[in-house]
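Input: a single structure, listed below in structure tokens.
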Amino acid sequence: MSHCENQNKNYSRRDFLTKTSLGLGALTFSSFLNPMGVLGNTVPGDGILGKPHFAPKVKRIIYLFQSGAPSQLDLFDHKPILQQRNGEDLPASVFGGQRLTGMSGGQATFPMAGSQFHFSQHGESGAWISDLMPYTAKIADELLFVKSMYTEAINHDPAITFLQTGSQFPGRPSIGSWLSYGLGSDNENLPAFVVLVTKNKTGQPLYNRLWGNGFLPPEHQGVQFRSGKNPVLYLANPPGVNESDRRRQLDQIAKLQQQKYDEYQDPEILARMAQYEMAFRMQTSVPEVMDVSGEPDYIYDLYGKDSRTPGTFAANCLLARRLIERDVKFVQLYHQGWDHHGALPQNIPGQCQETDQGSAALIMDLKQRGLLEDTLVIWGGEFGRTSYSQGTLTKTTYGRDHHPRCFTLFMAGAGIKKGMSYGRTDDFGYNVVENGVHVHDFQATLMHLLGIDHERLTYKFQGRRYRLTDVHGKVVKDLLS
Amino acid sequence: MDLAIFWGRFHPLLVHLPIGLLIGVGITEGMALFPRFKDWGKLSSVLLLVAFVSSLLAAWMGLSLEHAGRYAGDALNRHKWMGPTLVALTGLLWIMKKGWLGDLSKWSPVGMLMALILMTITGHRGGELTHGEGYLSQFMPGSKTMEDELIAETPQDHDSIKIFQDLIQPVFEEKCMHCHGNERTYGGLNLGSLAKAQAGGLHGSLWVRGNPEESEIIKRLSLQRTNKKYMPPSGEPLTYPQIRLLSWWIESGASAKAGIPENPPKDIMAQLENRYGIDLSEKSYIESIGEKIFPDEELIQRLAQHGFRVEALAQNNGLLAVEAPDTSWEEGFVEVLQPAASFITVLNFQKYKGSLVEIGKIQDWPHLTQLTLMGQEIEIDKLNTILKAPHLESLNLTQTKIKGDLLAVLQGSEHLKTLYVWESSLNEKQISELERQLPNVELVKGFKW
């Protein structure tokens, strides 16, 4: 039923654009018409699919994105050979003529850089985790490590864009937008796709197109919640306007819009009216979800002392749980600052300290509430880092350049195996030698967990049907429980 | 003997010399029939002599090669007798040409023709030995190629899969049968069918049932690649999973009928899944049941009217996930829920504010897998029916006030995997008792560093 309505919506929208014959002008007009599109979806369960293709294992996802690319070789992918042969040149046979970035490609030597951090095995599963991540190590048996991730992009922005949208070029919808489009929203008072970015971090820039809707209807774009007085920009009433004023204003606008709708029958107008209403409801729902004052002390203890400071990663983890509890479908966290080209041993401990406890606490907090039954948590960056040192390797320091050929991410939660490490890289931590998981495979697997056949959630745009995984991607069944 | 094999291997090379010469004789003799080219006939005797000597040598080499044991079977036998016959005929022709047989020489054109026919057949048989039967005809227009056959044989339904026929034979076909097949049987070994493979080769049988380590085939496949006896000597080696599958099949009795058992070793299971797409892992109950059951729309409407939030799991699965409203109990809930009970697989009372006693009145929760009573107050003996739902996998009693004997009601449950008791009214002693009595259930007690 709702499926048909949405079909109509697509056609009418295109008809509308065609009829107005304004080309690009019409496009801008359309986005002008719908400035509140930013405020998320409206009716629960109104995704284009109606129902998932098959029974989902996962209903919600929290993606803890570690922007800048954390070094897998110092956190999870233990390579004793690099430590034993520290300083020797990485054998040419290992490179195999692969491209390097301009930042280290010109180096005369490529000295292997063994991690300066101590690794040990944790949990019954014996997962290798370095001392940098003590909290993650404690929950090792809950985690599924994929050590054989690989990507195609070699620089940050294309790589993040690739992971989030399935294309290295900007302009495609983000994962969360696809889910909102396909499955709809489960909470009529909050957007289906919420983004939280750690405050006051520097590093590789994050653009809001990373959580953009691309060519999908605008209500599917991610909505960034900020710490502080105004979690969602332009949502609060301006000074001097109270709630009843706003209500009367919206009612009047709705009448005007209804008139226009009666005249043109353009569903975009209905969508826009719904978005205004959504924004109105969010004036209540957002402050409610952002108000963490009711959280008991032991929860703050679980997430660590950072969690008392709004805008930190740990505080965002706590918010992520609150959003998930309210059935937000996709919560995306970003934490910048992992781009350790130099002085890695000096810089990485701080990054770990900021993220380790919050991430692990989030997983366990979800678990004790039973939310891990249908929630998936993902932790990882956009690519890996090289096993050779960028710049001079000294006794105390080294740097690592971008490395798309292998990286590690971990997941926890519904539908996947736990206490397992999947895939293997070679002894030099350079190439994947077993069970490689391409970014598109990873995306296909996420979709599968949500009950979506990634080949069947498509959107026709500019004469072509697009999907998250483009024309690639294979569900990695080995990861599924 | 090794030296004999060394020379023997020159057979396929040398054999082409008499072939060429005999064709040459055919041409000279044929031309000599025309008066203008009469002189050509003079060449014949010398050509025949060289053909005879070289074919004699080639035949000897061929017989030496037989001892190497690479070739065996009917095809070899035929070739083995035709070759020397041709040698003898060539010698005879030479003698005739020399005129030492008097009048009989007039039959030499007939003999010549016979020699050419015999040579063609012998040569073809020899070619079949080295290149395999059907080498010439394989790409003849209208013939069925190997690939067509392979596609036709790919198994579809995994209940009917036979390990040897469907999983091992194709590997043999791809990697072994070039030399050990119906066409060529190096070492006397033919892997063309299970019966033939069981017969073994010149070195005896291929496998010892139940004992892969003692089986010749496994030994040969897993030798160092540099070892002379390593198989295959050239071409793509068998992969570890292929060898492992074969060895598992031998271990479990090497039977033609062996299908896929319910619980193969884990690595075999993973391989079956990864390589052949045969998924043997235990399906969650929802996946096993859903496709057949769909509630009618009216039922869903009625639940929704009472404030229940209802979701059908999927397009191909009509089971329902239901969330109770955040109101207190209303008259008629039982009447609404009872008909729905047989479709509900996930039931969540987290937001509900009221007594749950009535729920106990609902009989039969055949497909319930997940029950959340978070934050509620429950009396166990009042909820007997729902807590004893036969397929309950997850029971969430987080922050729940529990009255009664939880253990007693859960003890018999076969499928319960997870029990959430964090911040529930259960004390530590009760929890550790549950832990002890329900060893297969993961007890989630809350988490502190």
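For the record, the sequence lines run as chains A and B.
So the first sequence is numbered by the working numbering: it starts at 571 and just counts up by one.
So the second sequence is numbered by the working numbering: it starts at -2 and just counts up by one.
Using N, Cα and C, we set each Cβ at its ideal position, and we do this for glycine too.
- Contiguous beta strand (DSSP E) assignments of at least 3 residues, all confined to the region 286 to 336 of chain B: 306 to 311 and 314 to 320
- List the residues of chain A that B:W78 touches, going by C-beta distances under 8 angstroms, in chain order. The contacting residues do not exist; B:W78 stays about 54 angstroms from chain A at best.
- Query: Taking C-beta to C-beta, are B:R299 and B:V354 nearer than 8 angstroms?
  - Reply: At least 8 angstroms separates the beta-carbon of B:R299 from that of B:V354.
- If we ignore side chains and look at the alpha-carbon of each, how far apart do A:F599 and A:G954 end up? In this prediction, A:F599 has a pLDDT of 41, which is less than 50 and means its spatial position is unreliable; nothing more can be read from the coordinates.
- Scan the region 987 to 1049 of chain A and note each continuous beta strand (DSSP E) run of 3 residues or more that stays entirely inside, going in chain order. 990 to 992, 1002 to 1004, 1029 to 1031 and 1034 to 1036
- Task: Could you please give the first and the last residue of the uninterrupted alpha helix (DSSP H) stretch that includes A:M860?
- Result: P837 to M860
- Message: Using the Cβ count rule (16 or more neighbours within 10 Å means buried), how would you classify B:E144?
- Response: Note that B:E144 scores a pLDDT of 45, beneath 50, so its modelled location is shaky; the value from the coordinates is reported in the next line. So B:E144 counts as exposed.
- Item | B:L416 in three-state terms, based on DSSP | strand
- For B:T369, return the contacting residues in chain A, with the cut-off set at a CB-CB distance below 7 angstroms. At a beta-carbon threshold of 7 angstroms, the residues of chain A lying near B:T369 are G940, ordered along the chain.
- Compute the distance between the beta-carbons of A:L893 and A:V628, then report whether it is under 8 angstroms. Against a cut-off of 8 angstroms, the Cβ pair of A:V628 and A:L893 comes out as no contact.
- So B:M137 is in the alpha helix (DSSP H); what residue range does that whole segment cover? B:M137 -> no alpha helix (DSSP H), and no H or E assigned at all.
- Query: B:T25 to B:H76, Cα distance in whole Å?
  - Reply: 27 angstroms
- Where do the N-terminal and C-terminal ends of the alpha helix (DSSP H) with A:Q653 fall, by residue? P650 to Q654
- Please list the partners that A:M934 has in chain B, where partner means a Cβ-to-Cβ separation under 8 angstroms. F444
- Query: So A:N1005 and A:Y992 are in contact, right, with Cβ under 8 angstroms, and what is the actual spacing, rounded?
  - Reply: 6 angstroms
- Three-state secondary structure (DSSP) at B:L11? helix
- Any C-beta of chain B sitting closer than 8 angstroms to the C-beta of A:R1037? no
- Verify the CB distance criterion: does B:A309 have a CB-CB separation below 8 angstroms to chain A? yes
- Query: Pick from B:G443, B:E125, B:I359 and B:L30: whose alpha carbon is nearest that of B:G329?
  - Reply: B:I359
- Cβ of A:P866 less than 8 angstroms from any chain B Cβ? no
- By how many angstroms is the C-alpha of A:P974 removed from the C-alpha of A:E722? Their backbone Cα atoms lie some 6 angstroms apart in a straight line.
- Message: Using the three-state DSSP reduction, which class does B:W204 fall into: helix, strand or coil?
- Response: coil
- Query: Around the C-beta of B:E294, are 16 or more other C-beta atoms found within 10 angstroms, so that it is buried, or is it exposed?
  - Reply: Answer is exposed; the Cβ neighbour count stays below 16.
- Could you list the residues in the region 1009 to 1040 of chain A with a C-beta less than 9 angstroms from some C-beta on chain B, going in chain order? G1021
- Query: Does the beta-carbon of A:Q927 have 16 or more other beta-carbons within 10 angstroms, so that it is buried, or is it exposed?
  - Reply: buried
- Just to confirm, does B:I158 get its C-beta within under 7 angstroms of one of the non-hydrogen atoms of the ligand GTP? With respect to the ligand GTP, the structure shown offers nothing to examine, as it has no ligands at all.
- So A:I632 is in the beta strand (DSSP E); what residue range does that whole segment cover? R630 to Q636
- Can you have a look at A:S591 and say buried or exposed, based on whether 16 or more other CB atoms are within 10 angstroms of its CB? Because A:S591 carries a pLDDT of 45, less than 50, the predicted location of this residue cannot be relied on, and no value is offered for it.
- Task: Give me the Cα-Cα distance between A:G983 and A:I651, rounded to the nearest whole angstrom.
- Result: 33 angstroms
- Message: Rounded to whole angstroms, what is the Cα-Cα separation between A:R630 and A:S750?
- Response: 11 angstroms
- Item | Proximity below 8 angstroms, CB of A:K717 to CB of A:F646 | yes
- Step through the CB atoms of chain A and report whether any lies within less than 8 angstroms of the CB of B:V438. For B:V438, the answer is no, since every Cβ of chain A falls outside 8 angstroms of its Cβ.
- Three-way DSSP call (helix, strand, coil) for A:H910 in this model: coil
- Item | CB contact check: B:S391 to chain A, cutoff 8 angstroms | yes
- Message: So, at 8 angstroms on beta carbons, what are the nonlocal neighbours of A:Y846 in its own chain, with the 5 sequence-adjacent residues on each side left out?
- Response: M606, L820, I823 and A824
- Rank A:I699, A:P880 and A:Q791 by C-alpha distance to the C-alpha of A:L979 and give the top, closest one. When only C-alpha atoms are compared, the closest one is A:I699.
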